[in-house]
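Residue numbers are given in the working numbering: position 64 of the sequence shown equals residue 69, and the series is strictly consecutive. Here a beta-carbon is modelled for each residue, glycine too, at the ideal position from N, C-alpha and C. Remember, it's a predicted structure, so these values are computed and weren't measured experimentally.
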Amino acid sequence: MQTNDRPGILLGFGFARATRDAFGAAFDIVGSIPRPDPDLVTADMAARTRALVTVGSIGASDALMAALPHASIICCFGTGFERIDLAAARRRNIAVTHSPDVNAADVADMAMALLLASTRHVAQADRFIRAGKWDARLSGRFGPVAGLGGGKLGILGLGAIGTRVATRAAAFEMTIGYHNRRQRNDVPYAYFETPLALAQWADYVVVACRADDTNRHLVNAEFLRALGPRGHLVNVSRGSVVDEAALAEALVAHVIEGAGLDVFEQEPPVHPRLPTVESVVMTPHLGGGTERALRGMTDLVLRNLQAHFAGESPITPVPQEQ
């Protein structure tokens with residue numbers, strides 16, 4: 006039973022055991038729902054829930070908030086909050102927090118891993134050997150490989166993750182350009198006023214922008230044509246930024262050479278054409294899932310909850326302009 010000094014929290018995501026145990030040590034976990042469906046909220050959950058802890062890619066609708074009449078805060082585990090109905094939260098006087106920058110370095114690592122895997126055909130070469138096809142020394146089996154050194158990397162979104170991608174790419178001796186909502190004066194990289202101009206310039210593009218309604222399918226068929234037949238696309242942002250049907254078609258038609266994806270429009274499943282395409286490398290949203298990042302995000306959610314229930318301002322509220 007919930008006690009006076011232990012507010013009840015509802016989990017909107019299947020968190021790892023260590024994270025769940027940390028939440029349970031400080032608060033009463035009243036239950037867990039596998040998706041943001043108000044019909045899954047029982048009467049007991051509705052009566053006891055004072056906070057919802059979820060992830061931005063799952064989110065919380067106005068209807069879900071209505072089903073949790075005593076909830077006064079929603080905490081997003083991770084930097085994203087794109088599927089939280091912020092207008093409804095403001096109207097209901099529900100605070101919304103997120104966990105910015107905590108996993109940025111780890112997601113940037115994954116971006117570089119996918120870029121290397123895509124450009125150097127790592128997954129294809131692995132499957133080639135496992136299938137017993139490597140029966141003679143050969144040259145150019147997977148076509149000419151440009152390599153990263155001396156290449157031009159375009160970054161869509163030079164925030165916490167994008168900035169760290171840039172520093173890593175610089176170590177690979179790449180030239181870096183970016184498109185951002187606003188040009189930055191604190192970085193040495195070339196700025197491009199439009200995503201299309203960035204794609205036309207770049208050899209490779211990493212998508213690292215925060216997703217919202219304004220950039221849905223920002224990477225579309227026109228963008229991919231601009232990137233060109235030797236181009237590679239990596240997405241560690243959110244799946245909604247990339248038109249996956251257009252991407253699958255571009256890969257099959259050799260409009261671009263390859264892609265590496267850690268995020269998808271629907272999670273799960275992925276677009277049905279993507280698993281059939283040899284030139285795409287996919288991971289199931291693992292970018293921010295390191296032990297270090299999970300500990301950091303758990304700690305920040307707890308600090309936000311503790312501050313809120315102590316009558317203080319949240320540590321990391323979502324940006325007000327949203």
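Within its chain, find whatever has a CB closer than 7 Å to the CB of residue i; leave out the 5 residues flanking it on each side and keep chain order.
| i | result |
| --- | --- |
| VAL260 | LEU229, ARG230 and PRO234 |
| LEU279 | GLU249, ALA253, VAL285 and MET287 |
| MET50 | LEU15, VAL35 and GLY36 |
| GLY167 | ILE160, TYR183 and ALA213 |
Is residue i helix, strand or coil by DSSP?
| i | result |
| --- | --- |
| MET117 | helix |
| ASP248 | coil |
| ILE38 | coil |
| GLY19 | coil |
| HIS75 | coil |
| GLY154 | coil |
| ALA195 | strand |
| THR59 | strand |
| GLN327 | Low per-residue confidence applies at GLN327: pLDDT is 46, beneath 50, and the placement is therefore not dependable, though the value from the model is reported in the following sentence. Residue state, collapsed to three classes: coil. |
| THR288 | coil |
| PRO43 | helix |
| LEU143 | coil |
| VAL257 | helix |
| ASP67 | helix |
| THR168 | helix |
| ASP26 | helix |
Please tell me whether residue i and residue j are closer than 9 Å, where the distance is taken between their beta carbons.
| i | j | result |
| --- | --- | --- |
| ALA110 | LEU299 | no |
| VAL323 | THR102 | yes |
| PRO193 | LEU223 | no |
| THR54 | LEU73 | yes |
| VAL241 | ASP267 | yes |
| TYR209 | GLY156 | yes |
Closer than 8 Å by C-beta to residue i: which residues in its own chain qualify, once you throw out the five before and the five after it? Chain order, please.
| i | result |
| --- | --- |
| GLU272 | SER62, GLY244, PRO289 and HIS290 |
| ALA175 | ILE181 |
| GLY301 | SER104, VAL107 and ASN108 |
| LEU77 | The identity of residue 77 in the sequence shown is Ser, whereas the question assumes Leu. Once the five neighbours on either side are set aside, the close Cβ partners of SER77 are ARG55, ALA56, ASN98, ILE99, ALA100 and HIS313. |
| PHE82 | PHE18, PHE20, THR24, VAL58, THR59, VAL60, SER104, MET302, THR303 and VAL306 |
Report, in whole angstroms, the separation of the C-beta atoms of residue i and residue j, which I expect to be a contact under 8 Å.
| i | j | result |
| --- | --- | --- |
| LEU158 | ALA213 | Incorrect: roughly 11 Å between the Cβ atoms, too far for contact. |
The segment 110-125 touching the segment 274-292, judged by at least three CB pairs closer than 8 Å
yes
With a cut-off of 8 Å, do at least 3 Cβ pairs link the segment 87-98 to the segment 52-69?
yes
Count the CB pairs spanning the segment 178-198 and the segment 123-142 that are closer than 8 Å, and state whether there are at least three.
no
With contact counted as at least three CB pairs below 8 Å, one residue from each stretch, are the segment 112-119 and the segment 135-142 in contact?
no
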